[in-house]
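Undergrad: For the sequence shown, position 40 (counting from the first letter as 1) is numbered 40 according to UniProt numbering, and the numbering increases by one without interruption.
One structure, pasted below without further comment.
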Amino acid sequence: MSKTGKNGTLLPSVKARKIMSSTSTQSVVERASAELSKRINGLGLRTSINSTKSSVIERVTNVFCGSSFSSSSSSMQNIDKSSKTHPSREAKASESSVNYLTSTSWKQCLNQNRLTWDQLMLDEKFLSKFFLYFSPSERCVLPRVCTRWRDILYRTPRYWTGLTPVVQCRELRTASSADKTRLYTSFLRRGFHGLCLVGATDEDASDIANTFPMASKHIHSLSIQGSSISDKGLEILLDHLQALYELEITGCNEITEAGLWACLKPRIVSLTLSDCINIADEAVGAVAQLLPALYKFSLQAYHVTDTALGYFSSKQSNTLNVLRLQSCWEVTNHGVVNFVHALPNLTVLSLSGCSKITDDGIELIAENLQNLRSLDLSWCSRITDAALDYIACDLNQLEELILDRCVQISDTGIGYLSTMLSLQVLCLRWCTQIGDFGLQHLCGMRNLQILSLAGCSLLTSNGLSNLIQLWQLRELELTNCPSASRELFCYLRQHLPQCLVIE
């Protein structure tokens, strides 16, 4: 069975909690009813009273009632109207509507459809609709209710979209072969095509190859995190996973550059190498030489130098679109020269934490990579307003710009950016020289949808209040802004009702 982890991932455990076949129907129904009431009540209380669209509570009740819900819906509308003129009654109104539906409508609908609770909680037609009201991560606990729920959930892959099973290899070692087989079979039943291994060793790699033979055709994405797996184990996995095209290796200090030269397969189109102590320039050489179809490459390595970026050639010029170089402290403007000419079709570029890059390097990027849609220069402390001038002049298709912790940027630079009509996402976290005058420039950027000004200490309440001119904003972050008061947040939410204002 499974547990929920961070970011909505699925944490499988071989010590599955099973409901024995001898469990009475009454016990199953009690659990299901409790789960149902808890979920429906929670959804109902989070629903906006003033929403003109059908609320979650109404839609879920329609699963029970169908069109017969109209009479009870009109009763709810009466409650809503009274709460509009008395805001203090909103919580009570919501709670009373939930209680009304629970105590009256559902029972009426059950009687009309001649279904008992026992039958309803096991009815596949109802459950197939009911499960849709839960997020994928929330559905992870539902198979524990009973085998009926588990079977319906497991044979419907759409319920698990967006989740990746995470195997804690240390726990898995104590399981029997039969338990492991059942676990891997459940992955296939739910339509998983990705796998994350945590704490893996070479022995675990061999065991997966032996006990999970179907992975050869069904696993397309593999993530290995915090593991002591060596070059030998990596080779076993990549030889076994013949359909693999996406690979992530994070915190694996036993993997070497020689291992990458031996293991990497031409079919890989997405590769992430992060926080692996033995990864340096030669690893980039292996990537450039062995992966001609590479589309996305993310690298976080402290020892990579300008030499590594010289390995890119015409092999990747037509395929590589996403390049992320994060915390590559030794990369300078010379490294930028090495890759901008070899990779002219980049659409996403991150140089986050490449602190030796200066305005001259940004000028090279602006002149040669004019197809860029996203550019991340966060923590590039040598970037000044001149770099923003280059960006505004040449990167006319840029939609996302991240400048967090670029402490030399001022209002002048923001003035340059205000001419970029295509920009939709702008992050200026902890750019401490930006003031109200810069905000005036921002107010003219009418296509901006996401704006972060967290930690910008010079901004005042008067300046921030002018942001209501950005009516198209969908997200505004103002954390750690000293002048952002409670009254300001209320004012912004009132005038930007479609915007998520983050305090």
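Beta carbons are placed, not taken as given, at the ideal position from N, Cα and C, and that holds for glycine.
Computed from a predicted structure; not experimentally measured.
For Ile219 and Pro143, I'd like the C-alpha separation in whole angstroms.
TA: C-alpha separation (whole angstroms): 23 Å.
Undergrad: Excluding sequence positions up to five away, which residues of its chain have a Cβ less than 7 Å from the Cβ of Pro157?
TA: Excluding sequence neighbours, Pro157 sits near Arg190 and Gly191.
Undergrad: Measuring CA to CA, which of Leu488, Gly199 and Ser298 is closest to Gly251?
TA: The candidate whose alpha carbon is nearest that of Gly251 is Gly199.
Undergrad: Skipping 5 residues on each side, what residues in its chain have a beta carbon closer than 8 Å to that of Ile434?
TA: If we look at Ile434 and ignore the five residues flanking it on each side, its Cβ neighbours are Ile409, Ser410, Asp411, Ile414, Leu428, Leu453, Cys456, Leu458 and Leu459.
Undergrad: In angstroms, rounded to a whole number, what distance separates the CA positions of Cys146 and Met121?
TA: Their backbone Cα atoms lie some 10 Å apart in a straight line.
Undergrad: Taking the alpha helix (DSSP H) that Ile414 falls in, what are its first and last residues?
TA: Asp411 to Leu417 is the span of the alpha helix (DSSP H), which, as asked, contains Ile414.
Undergrad: Since Ser177 and Thr201 should fall inside the 8 Å C-beta cutoff, what is the C-beta to C-beta distance between them, to a whole number of angstroms?
TA: Contact flag wrong, Cβ pair sits at about 18 Å.
Undergrad: Report the residue from His303, Ile279 and Leu320 whose alpha carbon sits nearest the alpha carbon of Pro292.
TA: Considering only alpha carbons, the answer is Leu320.
Undergrad: Going by the CB atoms, is the gap between Leu467 and Leu439 shorter than 8 Å?
TA: Cβ distance < 8 Å, so Leu439 and Leu467 count as in contact.
Undergrad: In or out: Gly259 buried (at least 16 other Cβ within 10 Å) or exposed?
TA: With 16 or more other Cβ atoms within 10 Å, it is buried.
Undergrad: Work out the CA separation of Thr185 and Thr23 for me, nearest whole Å.
TA: Its pLDDT being 42, under 50, Thr23 is placed unreliably by the model, and the measurement read from it follows with that caveat. Cα-Cα distance, rounded: 25 Å.
Undergrad: Let me see if you follow: with CB-CB separation under 8 Å, is Lys296 close to chain D or not?
TA: Absent from the structure: chain D. Only one protein chain is present.
Undergrad: Buried or exposed for Cys490, going by 16 or more other Cβ atoms inside 10 Å?
TA: Classification for Cys490: exposed.
Undergrad: Note down, in chain order, each residue of its chain lying with its Cβ closer than 6 Å to the Cβ of Glu475, except the 5 sequence neighbours on either side.
TA: Excluding residues within five positions, the ones whose Cβ falls inside 6 Å are Ile450 and Leu500.
Undergrad: Check whether the Cβ atoms of Asp376 and Asn338 sit closer than 8 Å, and answer yes or no.
TA: Their beta carbons are not under 8 Å apart, which means Asp376 does not touch Asn338 by this criterion.
Undergrad: On the DSSP letters alone, give me the boundaries of the alpha helix (DSSP H) that Leu299 sits inside.
TA: Counting along the chain, Leu299 falls outside any alpha helix (DSSP H), though it belongs to the beta strand (DSSP E) covering Lys296 to Gln300.
Undergrad: With respect to the beta strand (DSSP E) encompassing Arg324, which residues constitute its N-terminal and C-terminal limits?
TA: Its beta strand (DSSP E) spans residues Val322 to Gln326.
Undergrad: Looking at C-alpha atoms only, which residue of Ser206, Glu400 and Gln225 is the closest neighbour of His240?
TA: That would be Ser206, whose Cα lies nearest to the Cα of His240.
Undergrad: Going by CA-CA distance only, name the one from Ala387, Ser298, Leu163 and Leu294 that's closest to Arg267.
TA: When each option's Cα is compared against that of Arg267, the closest is Leu294.
Undergrad: The beta strand (DSSP E) that contains Val425, what's its start and end?
TA: Per DSSP, Val425 belongs to the beta strand (DSSP E) from Val425 to Cys427.
Undergrad: Give me the Cα-Cα distance between Asp436 and Gly444, rounded to the nearest whole angstrom.
TA: Whole-angstrom Cα-Cα distance: 13 Å.
Undergrad: With distances taken from CA atoms, which of Leu492, Leu478 and Leu398 is nearest residue 513?
TA: What is shown of the chain runs 1 to 503, which leaves residue 513 out entirely.
Undergrad: Taking the beta strand (DSSP E) that Ser270 belongs to, which residues open and close that run?
TA: Counting along the chain, the beta strand (DSSP E) containing Ser270 begins and ends at Ser270 to Ser274.
Undergrad: What's the gap between the Cα of Leu349 and the Cα of Leu132?
TA: Approximately 37 Å, taken between the alpha carbons.
Undergrad: Is it true that the CB of Ser313 sits closer than 8 Å to the CB of Gly353?
TA: Result no, Cβ atoms of Gly353 and Ser313 do not sit closer than 8 Å.
Undergrad: Since I believe Ile152 is in contact with Ser137 (beta carbons under 8 Å), could you give me their beta-carbon distance rounded to a whole number of angstroms?
TA: Incorrect: roughly 18 Å between the Cβ atoms, too far for contact.
Undergrad: Can you pull the DSSP bridge partners for Asp118?
TA: Bridge partners of Asp118: none, in fact.
Undergrad: Between His341, Ala308 and Val167, which has its C-alpha nearest Trp329's C-alpha?
TA: Checking every option, the nearest Cα to that of Trp329 belongs to Ala308.
Undergrad: So, using beta-carbon positions, are Ser378 and Asp404 closer together than 8 Å?
TA: For Ser378 and Asp404, yes; Cβs fall inside 8 Å.
Undergrad: Please classify Trp471 as buried or exposed, where buried requires at least 16 neighbouring CB atoms within 10 angstroms.
TA: Exposed, since its Cβ has fewer than 16 Cβ neighbours within 10 Å.
Undergrad: Could you check what DSSP says for Thr250 in three-state terms: helix, strand or coil?
TA: Strand, per DSSP.
Undergrad: Buried or exposed for Pro482, please, with buried defined as at least 16 other CB atoms from any protein chain shown within 10 angstroms of its CB.
TA: Looking at its Cβ environment, which holds fewer than 16 other Cβ atoms inside 10 Å, Pro482 is exposed.
Undergrad: Skipping 5 residues on each side, what residues in its chain have a beta carbon closer than 6 Å to that of Gly463?
TA: Excluding residues within five positions, the ones whose Cβ falls inside 6 Å are Asp436 and Leu439.
Undergrad: Between which residues of its own chain and Val284 is the CB-CB distance below 6 Å, once the five residues before and five after are set aside?
TA: So the list reads Ala308 and Tyr311, once near-sequence residues are dropped.
Undergrad: Work out the CA separation of Ser461 and Cys485 for me, nearest whole Å.
TA: Note on identity: in this sequence residue 485 is Ser, with Cys being the wrong assignment. Each residue's alpha carbon lies about 8 Å from the other.
Undergrad: Given Asp204, which residues of its chain have a CB within under 6 Å of its CB, disregarding the five upstream and five downstream residues?
TA: Once the five neighbours on either side are set aside, the close Cβ partners of Asp204 are Cys169.
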